[in-house]
Each structure stands twice: as C-alpha cells, then as structure tokens.
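Student: Encoded as structure tokens, here's the structure I'll be asking about.
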Amino acid sequence: MISHPKSQALFQRAQQLIPGGVNSPARAFGAVGGEPPFIERAKGPFLWDVDGNRYIDYVGSWGPMILGHAHPVVLEAIHAAAEQGTSFGAPTERENLLAEAIIEAVPSVEKVRLVNSGTEATMSAIRLARGFTGREKIVKFSGNYHGHVDALLVAAGSSAATLSVPNSPGVTAGTTHDTLLFPYNDTQAVVDSMDRYGNEIAAVIVEPVAGNMGCVAPEPEFLLALRQQTWRQGALLIFDEVMTGFRVARGGAQERYQLKPDLTTLGKIVGGGLPLGAYGGRHDIMDCVLPAGPVFQAGTLSGNPLATAAGLATLRELERDPPYDRLDRKAARLAEGLALAARAAGLPHQVARVGSMLTLFFSGQPVRDWETASACDTRQFARYFWSMLRQGIYLPCSQFEAMFVSDAHDVDLIDSTVAAAIQALTR
Ligand SMILES: *Cc1c(COP(=O)(O)O)cnc(C)c1O
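For the sequence shown, our numbering begins at 7 and goes up steadily by one.
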C-alpha cells in the first residue's frame, strides 16, 4: 500500500498557487478522482514520487520518453550544450543538424521550422495552410486533439457535422466559425463534405493514429480518402504527428501507412523531453513562412540550444539503434496480457494498439471514433487506475489517453504489469 503524505501537502499548497494545482489539466487526476503524486525523479522505465514510492511508468511524459527517462546519451548532450550557454536568439549549427535529422526521417518533410510545443506547431501549420491556399475553412475530427489552439477547440454543434461550437469559454464563435468537425474514421462524411465545401477548405488536420481519445487506429480507407480528397480539391493535408512522430515508426504514421501529407506537425519525442515542436512539409509551402515568405511566425526561444541538443541526441539514438521492433514485441505482449486479464475478470473490453501506443477500453463494442470511445465505462477505468497505482503502475489518468511503452521497459516489467492488472480487475 502506497503512502502519499508529502504529495498531499504539496498538492494542497499547489492549489493555492496554481489553478487546480497543476500546469496542465490532465495531471490533476480529475478524470479518475483523487490527488496526484508529486514526482521527484525518474530513470529508465521508473518514476519516484516525493514520498519515495516507485512506479513503472506508462505515461512517459505523455509521449516524449521513448528511450526511457534520463537516458545517459540525452543527459550528456544537454549538459554539454548548457556549458555553452542556454539561449542566444541567433542561428546555431545544431538547428541545422536537427532539421536534417527530421527531414531525413520523416518522408514528406522537405523543410522544417522549429517551435516550442506541439500547440505552436499546429497553430502555425494552420496559419500557413490558410496563407498558402488563400482559403479559410479547416476540417478536423472529433476526439482528435491538436493542442490548445483556439480554432481547434471545437465541439460538435447541433446541425450535424457542419456547425462547430467553441468547447471552452474564451474561444469566440468567430474563431471557430471556419472549423468543420467530422467523426473520426468516417470516410463518407469526408467525401461528402469535400464535394460540398472543397474549394473553401484550406486544410484537413488529422491525428493519423488517434491518441487523444485513447489509442484509435485509422481505418485503411480513411487516411487514403483524406489524401485523395484534399489533393483533388487543392486543400492541404496536415498530419498532426506530435504524438505519432518517431513513435509508431521512425518516420511516424506517414511511414507506417505509406501516405505523404503536405504538412506535418511534430512535438513530444522530437524534443527528447525538452520543450520543442516543429512543423514541416513541401518546400514550396514552407517557403511561404517569414522571412522566406509572407506568413508570420516567430519565437524568442525557438531552436533553443538545450532543446535541440536533447532532440538531436534522441533522434540519433533512434537512428543508431532503432527500437521499433523491440517496442512492438513488448507492447504486443502487454496488450495481450491486459486483454487476458480483462477477459478473466469477465469485463467487456477492447485493447487497441498501434506500435508502442495502446489503450485498454472498457467497452463491449469496437472503438473507432469519439462516439464509441465516450461510451466506455469510465468508472471501471477509475477503479482499475487506482488499483494499478497502488501496485506501483503509473498509467495515464484517463480512459481517453494512450499508454506508451519505452525502450527501457523489459519483459519482466511488462509481465509484472500484467500480473497487477489481473489483481486490479479480478476483485
Ligand atoms: C500533445 C499533442 C499536441 C499538443 O502538444 P503540446 O506540446 O502539449 O502543446 C498536439 N497534437 C497532438 C496529436 C498531441 O498529442
């Protein structure tokens, strides 16, 4: 049994200082009820909280830590970079090297701009798509998350798929007026909307593997239809690979599914655990970005020396010793084990997995979009989550977030995780 007195005291204090006690809402454990442990340090596949409890970590900072925490090669790169100064606001060679590494790995990226987060990447890619095409409408899919960009914080409105309403106070109706929202994996809706609005649509933005409603794989014809329809109508296709880039394959979902988008957004792994995002794509489109072209986008800390050092070290490690086959085997073993545990407990469930992203959904029906995801038994998830945490397994604190396996997780850890799940579910 785990004890948390120091975390409890820190969370109480945090709530007086920071809204909800956290600097990003998912960390507050709202979806499962209760209070989060405060983390003191991490190494490889493990986290330790301030009360000295150890956890096997399947969050991985929500995706970046594919090599495991505090990887020696990454730490060394950060140390060495810090010795040389932490920010110059002027060009550095390492920005070229990271850009080269991204362009070499991600099939559709010919030129790339570095930013500070995934949100900045998607916000900038959308501005660029609108600037390049001279059109205003954006298509997105419900259950996909692209960061807290105003125009993308939309919920389905009353009139079927065409009207998007803001889903946060502070986002104006005007801002979301040009955002069209459709169900994920609904190929027919995409075809119909493209027929209807095609020449007004600047871009379609999609998570090519959804990770923000739990892990939901794209159906084979869905991504292909997006590529064909955008191409036919002169709209840009944006793959938001902030989560999937360097995760589901080194070249992301576009490598895995052999489809080239016009623009790609990156974050998470590309920064190696430091704040860094990127957007890139066809060079004729990217050359519309200031100062090569007229579309404004800037950043005081963009291309930061520490962030590029961590990102470059991570990408080079992924190239030197690609972990993707190992990750696939370990994640498959974990997925099978979780499914067996749920079956032994007689619980309706689905296990979805793409590479090292996976989700155990508590639902009797296949999960293919937000409607089917949101039908899951979230109370069952909360019981499972807390039992796992008490057994030293740190899962994402929501049914609608994907687990990540890192290269530092070994088979023994996977097996002890499955044993904990059996314990958690059959009580
Ligand atoms: C995490 C995420 C973002 C936002 O990235 P931040 O760095 O949190 O701003 C955008 N898109 C996808 C698909 C993500 O998973």
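Just so you know, even glycine gets a beta-carbon here, dropped at the ideal spot from N, CA and C.
#1: Could you give the first and the last residue of the continuous alpha helix (DSSP H) run that contains M292?
#2: Comparing alpha-carbon positions, which option in A48, P224, Q90 lies nearest A76?
#3: How big is the Cα-Cα spacing for G26 and A34?
#4: Note down, in chain order, each residue of its chain lying with its Cβ closer than 8 Å to the Cβ of P300, except the 5 sequence neighbours on either side.
#5: If you draw a straight line from the C-alpha of D418 to the C-alpha of I62, how long is it?
#6: Excluding sequence positions up to five away, which residues of its chain have a Cβ less than 6 Å from the Cβ of A476?
#7: Quick check on the DSSP output: the alpha helix (DSSP H) that includes F391 runs from which residue to which?
#8: So, is L120 buried or exposed, given that buried needs 16 or more other C-beta atoms within 10 angstroms?
#9: Measuring CA to CA, which of Q194, V215, G317, G140 is closest to L265?
#10: Is it the case that the CB of V248 approaches a heavy atom of ligand 1 more closely than 7 Å?
#11: Name the DSSP beta bridge partners of M363, please?
#12: Report the three-state DSSP secondary structure of D55 (helix, strand or coil).
#13: Which residue spans inside the stretch 95-176 form an unbroken beta strand (DSSP E) run of at least 3?
#14: Is I291 near L269, with beta carbons less than 8 Å apart?
#15: Closest by CA to P78, which one among F391, A414, I428?
#16: In three-state DSSP terms, what is A350?
#17: Does the CB of V212 have a neighbour CB from chain B at under 8 Å?
#18: Taking the straight line between their C-alpha atoms, what separation do you get for E247 and F302?
#19: Let me check one thing: in DSSP terms, what residues is T185 bridge-paired to?
#20: To the nearest angstrom, how far is it from the Cα of P2 to the Cα of E377?
#21: Determine the burial state of D6: buried for a count of at least 16 other Cβ atoms within 10 Å of its Cβ, exposed for fewer.
#22: Considering only their Cβ atoms, is the gap separating V160 from N173 smaller than 8 Å?
#23: Apart from the five residues just before and just after I84, which ones in its own chain have a Cβ nearer than 6 Å to its Cβ?
#24: Just to check my reading of the structure: N218 and G277 have Cβ atoms closer than 8 Å, yes? What is that Cβ distance to the nearest angstrom?
#25: What residue range is occupied by the uninterrupted beta strand (DSSP E) comprising E227?
#26: What would DSSP say about F302, mapped onto helix, strand or coil?
#27: Would the beta-carbon of T314 be found less than 7 Å away from any heavy atom of ligand 1?
#28: Going along the chain, which residues of its own chain have a beta-carbon closer than 8 Å to the beta-carbon of T92, five neighbours each way excluded?
#29: Name the two residues that bound the continuous alpha helix (DSSP H) containing K12.
#30: With Y64 and F410 assumed to form a contact (beta carbons below 8 Å), what rounded beta-carbon distance in angstroms separates them?
Tutor: The structure says:
#1: Indexing the sequence shown from 1 puts residue 292 at position 286. First-last of the alpha helix (DSSP H) with M292: 289-292.
#2: One-based indexing of the sequence shown puts residue 76 at position 70. Residue A48 is the option with its Cα nearest to A76.
#3: For the purposes of this step, residue 26 is taken as the residue at position 20 of the sequence shown. For the purposes of this step, residue 34 is taken as the residue at position 28 of the sequence shown. The straight-line gap from Cα to Cα measures roughly 7 Å.
#4: Position 294 of the sequence shown, counting from 1, holds the residue named residue 300. In chain order, G137, C294 place their CB closer than 8 Å to the CB of P300, counting only its own chain and leaving out the 5 sequence neighbours on each side.
#5: Residue 418 sits at position 412 when you count from the first residue of the sequence shown. Residue 62 sits at position 56 when you count from the first residue of the sequence shown. Each residue's Cα considered, the two are about 11 Å apart.
#6: Because the chain spans 7 through 433 in this model, residue 476 falls outside it and cannot be assessed.
#7: Sequence index remark: in the sequence shown, residue 391 carries index 385 (1-based). Going by DSSP, F391 is part of the alpha helix (DSSP H) stretching over 384-396.
#8: As a first step, residue 120 must be located in the sequence shown, where it is residue number 114. Buried, because 16 or more other Cβ atoms sit within 10 Å of the Cβ of L120.
#9: Counted from its first residue, the sequence shown places residue 265 at position 259. When each option's Cα is compared against that of L265, the closest is V215.
#10: On the sequence shown, position 242 is the one that residue 248 refers to. Yes; taking the cut-off as 7 Å, the Cβ of V248 has a heavy atom of ligand 1 nearer than that.
#11: Here residue 363 corresponds to residue number 357 of the sequence shown, with the count starting at 1. M363 pairs with V360, F410.
#12: Position 49 of the sequence shown, counting from 1, holds the residue named residue 55. Of the three classes helix, strand and coil, the one that applies to D55 here is strand, per DSSP.
#13: Assignment of beta strand (DSSP E) within the stretch 95-176, counting only whole runs of 3 or more residues, yields 117-121, 143-148, 160-162, 170-172 in chain order.
#14: Here residue 291 corresponds to residue number 285 of the sequence shown, with the count starting at 1. Here residue 269 corresponds to residue number 263 of the sequence shown, with the count starting at 1. Cβ distance < 8 Å, so I291 and L269 count as in contact.
#15: One-based indexing of the sequence shown puts residue 78 at position 72. Of the candidates F391, A414, I428, the one whose C-alpha sits nearest the C-alpha of P78 is A414.
#16: Indexing the sequence shown from 1 puts residue 350 at position 344. In the structure shown, A350 sits in a helix (DSSP, three-state: H, G or I).
#17: The displayed structure is made up of one protein chain only, and chain B is not part of it.
#18: By one-based count along the sequence shown, residue 247 stands at place 241. By one-based count along the sequence shown, residue 302 stands at place 296. Their backbone Cα atoms lie some 22 Å apart in a straight line.
#19: Within the sequence shown, residue 185 is the residue found at index 179, counting from 1. Beta-bridge pairing links T185 to I144.
#20: The structure shown does not extend to residue 2, since the chain spans only 7 to 433, so no value can be given for it.
#21: There is simply no residue 6 to check, as the chain begins at 7 and stops at 433 in what is shown.
#22: Taking the sequence shown and counting its residues from 1, one reaches residue 173 at position 167. Taking the sequence shown and counting its residues from 1, one reaches residue 160 at position 154. Going by C-beta atoms, N173 is nearer than 8 Å to V160.
#23: Taking the first residue of the sequence shown as position 1, residue 84 is located at position 78. These residues qualify, in order along the chain: L312, A315, A316.
#24: Here residue 218 is taken as the residue at index 212 of the sequence shown, counted from 1. Here residue 277 is taken as the residue at index 271 of the sequence shown, counted from 1. Incorrect: roughly 18 Å between the Cβ atoms, too far for contact.
#25: Indexing the sequence shown from 1 puts residue 227 at position 221. Looking at the DSSP string, E227 is not in any beta strand (DSSP E); the run it does join, the alpha helix (DSSP H), is 226-239.
#26: By one-based count along the sequence shown, residue 302 stands at place 296. In the structure shown, F302 sits in coil (DSSP, three-state: anything other than H, G, I, E or B).
#27: Against the sequence shown, residue 314 aligns to sequence position 308. T314 Cβ: outside cutoff for every heavy atom of ligand 1.
#28: Counting from 1 along the sequence shown, the entry for residue 92 is found at position 86. Around T92: N310, P311, L312.
#29: Counting from one through the sequence shown, the residue named residue 12 turns up at place 6. That run of the alpha helix (DSSP H) goes 11-23.
#30: Counting from 1 along the sequence shown, the entry for residue 64 is found at position 58. Counting from 1 along the sequence shown, the entry for residue 410 is found at position 404. Beta-carbon to beta-carbon, Y64 and F410 are separated by about 6 Å, close enough to satisfy the 8 Å threshold.
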